[in-house]
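Numbering (the working numbering), first residue to last: 3 to 252. Beta carbons are placed, not taken as given, at the ideal position from N, Cα and C, and that holds for glycine.
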Amino acid sequence: MVSLPQQLAECGRLLVVSDFDGTIAPLTGNTFSPQPNMLSVAALEKLARLAGTTVAVLSGRDLATLSTVTDFSPAIVLAGSHGAETTSIDSPVTAEQRDRVHRAAEALEHLAAGVAGCFVERKPFQACLHVRKVTDTAVAQTLMSRAVDTGAAMDGIHTTVGSCIVELSASSITKGDWITRQRTATGADRVVFLGDDTTDEAGFAVLTETDLGVKVGPGATAATARVADVDEVGVFLTLLADRRAAHTAL
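Printed below as a string of structure tokens:
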């Protein structure tokens, strides 16, 4: 379990940001029916009610889908498309971006055609190839490699490889960009960020030595701490919420 620095719970303004899939909710084959860890949900809601504390869920999902599959209170900020979309902030897609996403989606759909378990998800800023349900590992890897090559050949497209997913994005915004902006907007003294996937590394990269990055699961990371799985995230967030509540009650 992660050691929780006392200074985090007791700082003046705290920003707590968490990824969703693979962090709050386990990764499953059912993309649109996630089952979030209720300890994590309760802890985030508790934190969001505390003075001097801002809580956000920062996901690669588009904002509309994230809002649909979660049931957080309005006290928690939702940010989708890796930060390109945020609740209460208008983030319009330009005509050029819309065209790029359309072309990217068509190219990915051509790759996925006829492959059982493979599907393409269209988002406002991204087109994503999902292979988690493809039973043949070699086929899944080949599809992902071809999707990467497809993105590399397209102007204005940024390619990201995640867990059983390749994302072609018409937006260059990363989770690190969003965290940096949110730190400034909230005046946060310290930031806690939790994530499990490749795209979360951009978030870990912008943290300072007084912040805390928590990597969920195995793999190389820039995070300074690690928990094993979604269940341990729930335990960690509960501890953070309890200690923060005790401090703000003083």
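One Cα belongs to H132, the other to I167, and the distance between them is close to 5 Å. With the rule of 3 Cβ pairs closer than 8 Å, the segment 38-53 counts as touching the segment 71-81.
With a cutoff of 9 Å on beta-carbon distance, F238 and V4 are scored as near each other.
Within a 10 Å sphere around the beta-carbon of T176 sit 16 or more other beta-carbons, which makes this residue buried. Where E123 is concerned, the enclosing beta strand (DSSP E) starts and stops at 121-124. The beta carbon of F22 sits closer than 6 Å to those of V59, S61, all from its chain and outside the five residues before and after it, given in chain order.
According to the DSSP assignment, H84 belongs to no alpha helix (DSSP H), since it is labelled neither H nor E. The secondary-structure analysis by DSSP pairs D23 across a beta bridge with A27. Residue range 139-154 is occupied by the alpha helix (DSSP H) that includes G153. Just so you know, the alpha carbons of C120 and A190 end up roughly 41 Å apart. R245 and R51 have their C-alpha atoms some 14 Å from each other.
D233 is positioned such that its CB atom lies closer than 9 Å to that of N39.
Nearest to A27 by C-alpha distance, out of T72, A11, V57, is T72. Collapsing the DSSP output to three states places E203 in a helix.
DSSP places R192 in no alpha helix (DSSP H) but in the uninterrupted beta strand (DSSP E) bounded by 192-197.
Across the structure, T182 and T210 are spaced so that their CA atoms are roughly 11 Å apart.
Here the segment 126-143 lies against the segment 153-171, with 3 or more beta-carbon pairs under 8 Å apart.
Sequence-distant Cβ neighbours of H249 in its own chain, meaning closer than 8 Å and more than five residues away, are A11, E12. DSSP places E234 in the uninterrupted alpha helix (DSSP H) bounded by 232-250.
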